[in-house]
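K.L.:
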Amino acid sequence: MDENKRDEENHKEEKPDIINDHQTETNTRKESDINIDILHTILLNIKRIQLEQEYIQKELVEIKKRQERRKIIHEKIQATEESKSNSQKLYNSDQNLAVNPVVKSEKSGTIPRQRSSEPILNLQEKISESKVYQDALDLLLADSLSAKANKHDCYEKSVQSVKQEVQTLFNLYKTYFPNRVPYILREDFCGTALLCREWHDFNVQNTALGVDIDDSVLKYCAERYPEKIESGRLTLYNQNVLDRNESIPKADILSALNYSLCYWRTKGQLTEYLKVCHDNLKIHGVAVFDLFGGYNVYKGGDLTCREFDEFLYVFEKRKYNFMIDRIECHMHFRFPDVWGIPDIYESLKEAGFKRISTWVSTSKMNEDGELISATPYEQITSDEESLKLNSTNWNVYVVASK
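For the sequence shown, position 355 (counting from the first letter as 1) is numbered 355 according to UniProt numbering, and the numbering increases by one without interruption.
Right, dumping it as structure tokens:
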């Protein structure tokens with residue numbers, strides 16, 4: 001009996017040890033899992049930093065190349081100007097000689113000299129004899145390649161970033177309606193419908209509707225991408241965006257990007273257009289517009305340049321009229337004015353939109369007008385956050401739903 005009691009007591013004493021061992025093992029596993037997660041996070045951060053460093057290195061190389069090209073062009077232009085100046089002086093002296101040709105007489109005094117039958121070399125012939133002029137001519141010939149380039153290709157490459165824009169449109173919609181998925185996009189002022197094409201490819205269930213008054217840009221899209229038209233998920237409409245067309249399906253998302261709202265010259269036109277936008281949306285629809293600003297906008301002559309393999313994209317803010325809050329911009333087109341955010345809000349409310357929000361991204365440029373950095377888009381919800389718009393340059397999405 002005593003032996004049985006001792007066995008039971010020993011058995012009882014062993015159980016806590018088993019439990020403790022199990023708890024220790026569990027804790028060890030948890031610590032191991034945590035360590036693995038931490039290690040995984042560290043590795044991801046290292047990889048991200050490496051990618052950022054590679055990107056920065058590539059950007060530095062590109063910046064150096066651009067600076068070298070600009071230096072060469074500047075030197076050639078400067079040399080050409082000097083050559084023109086010297087040639088003009090030579091040309092003027094020849095002209096004076098032709099007007100008052102005199103020679104010394106062997107006897108005494110001077111007598112008029114007969115005009116030579118050989119024509120005096122003109123300015124262009126004189127300059128063309130110099131290598132400097134030939135270099136300048138090469139620059140002019142290179143510039144004349146613009147006549148062969150397609151302006152629509154240049155616009156799509158330099159102005160639009162549709163992959164980012166499509167994802168942004170999708171995210172903004174989900175912010176308003178988290179339990180719904182947008183399938184139908186209507187793009188007003190669609191041009192070559194690059195955004196529509198990207199929306200078409202974003203999801204096999206997506207449908208894109210492009211509206212533009214210019215039939216030439218719509219033909220460009222239809223001729224180059226017939227397979228997207230034939231799929232039945234991309235439809236182009238050649239009409240004024242103010243026209244009400246019941247045959248066009250109502251959209252989940254309606255966008256008018258690339259600062260298209262600046263097309264409207266008066267408050268009445270702006271409000272009328274926004275009312276049409278309101279009617280062209282589904283009940284759970286969202287309208288998205290963009291604007292640009294910052295105190296640099298209000299300086300005339302400000303240039304933003306971006307170089308590409310085939311061409312140089314220049315966006316010029318030529319002049320700003322503070323009396324009517326209108327800015328004139330030049331690219332391959334003109335922006336006659338810019339609406340402020342309060343104006344857009346007021347017109348959206350008059351058009352019948354209920355929920356309106358603003359998402360801002362600020363950016364920094366170097367002295368050459370090249371983009372250095374840009375922040376992710378963040379929603380502005382307070383006056384304090386609106387101070388971000390005091391940045392040198394900013395871009396906003398104004399989003400509204402029914």
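Glycine included, each C-beta is placed from N, C-alpha and C at the ideal position.
Only a predicted model underlies this, so the values are computations on that prediction, with no experimental measurement involved.
In the DSSP assignment, what are the bridge partners of N35?
P.N.:
None, per the DSSP bridge assignment.
K.L.:
When burial is assigned at 16 or more other CB atoms within 10 Å of the CB, is S347 buried or exposed?
P.N.:
Buried.
K.L.:
Rank C190, Y155, C196 by C-alpha distance to the C-alpha of V166 and give the top, closest one.
P.N.:
Of the candidates C190, Y155, C196, the one whose C-alpha sits nearest the C-alpha of V166 is C196.
K.L.:
How would you call R233, buried or exposed, if buried means at least 16 neighbouring beta carbons within 10 angstroms?
P.N.:
Answer is buried; the Cβ neighbour count reaches 16.
K.L.:
Tell me whether C262 sits in a helix, a strand or coil according to DSSP, three-state version.
P.N.:
Helix at C262.
K.L.:
For my contact list, H278 and G210 are in at a C-beta cut-off of 8 Å; report their separation, rounded to the angstrom.
P.N.:
Not a contact, Cβ separation roughly 19 Å.
K.L.:
Closest to E227 by C-alpha separation, out of D201, K250, Q379, P249, would be which residue?
P.N.:
Nearest option by C-alpha distance: D201.
K.L.:
How is the alpha helix (DSSP H) around Y345 delimited, first residue to last?
P.N.:
Run containing Y345: 341-351, per the alpha helix (DSSP H) assignment.
K.L.:
Would you call V204 buried or exposed, if buried means 16 or more other Cβ atoms sit within 10 Å of its Cβ?
P.N.:
Exposed: under 16 other Cβ atoms inside 10 Å.
K.L.:
For S361, collect the residues of the same chain with a Cβ closer than 8 Å to its Cβ; drop the 5 residues on either side in sequence, then sort them by chain order.
P.N.:
Answer for S361: A374, T375, P376, Y377, E378, W394, N395, V396, listed in chain order.
K.L.:
Per DSSP, what kind of secondary structure is R197 in: helix, strand or coil?
P.N.:
The answer is helix: DSSP assigns R197 an H, G or I state.
K.L.:
Excluding sequence positions up to five away, which residues of its chain have a Cβ less than 7 Å from the Cβ of P119?
P.N.:
Caution is warranted here: a pLDDT of 41 is assigned to P119, below 50, making its placement in the model unreliable, and the coordinate value is therefore given only provisionally. Cβ neighbours of P119 beyond the five flanking positions: none.
K.L.:
Applying the 10 Å Cβ sphere with the 16-neighbour rule, what's the burial state of D212?
P.N.:
By the neighbour-count rule (16 or more Cβ atoms within 10 Å), D212 is buried.
K.L.:
Mind checking which residues open and close the beta strand (DSSP E) that includes Q379?
P.N.:
Q379 -> beta strand (DSSP E) spans 378-380.
K.L.:
At what residue ranges does the stretch 171-218 contain a whole run of the beta strand (DSSP E), taking only runs of 3 or more?
P.N.:
List check, beta strand (DSSP E) in window: 184-188, 207-212.
K.L.:
Starting from T271 and walking both ways along the alpha helix (DSSP H), at which residues does that stretch end?
P.N.:
Note, T271: alpha helix (DSSP H), 267-279.
K.L.:
At which residues does the beta strand (DSSP E) containing I253 begin and terminate?
P.N.:
That run of the beta strand (DSSP E) goes 251-256.
K.L.:
What did DSSP end up calling T375 once you bin it into helix, strand or coil?
P.N.:
Coil, per DSSP.
K.L.:
Got a sec? Which residues, its chain only, sit under 7 Å from K163 by beta carbon, not counting five neighbours each side?
P.N.:
E198, listed in sequence order.
K.L.:
Assuming V396 is part of the beta strand (DSSP E), what are its boundary residues?
P.N.:
Element bounds for V396: 393-401.
K.L.:
What are the boundary residues of the beta strand (DSSP E) that Y237 is part of?
P.N.:
Taken as a continuous stretch (DSSP letters only), the beta strand (DSSP E) holding Y237 covers 234-238.
K.L.:
Let me confirm a value: G340 is counted as buried when at least 16 other C-beta atoms fall within 10 Å, else exposed. Which label applies?
P.N.:
Exposed is the call here.
K.L.:
Can you have a look at V398 and say buried or exposed, based on whether 16 or more other CB atoms are within 10 angstroms of its CB?
P.N.:
V398 comes out buried.
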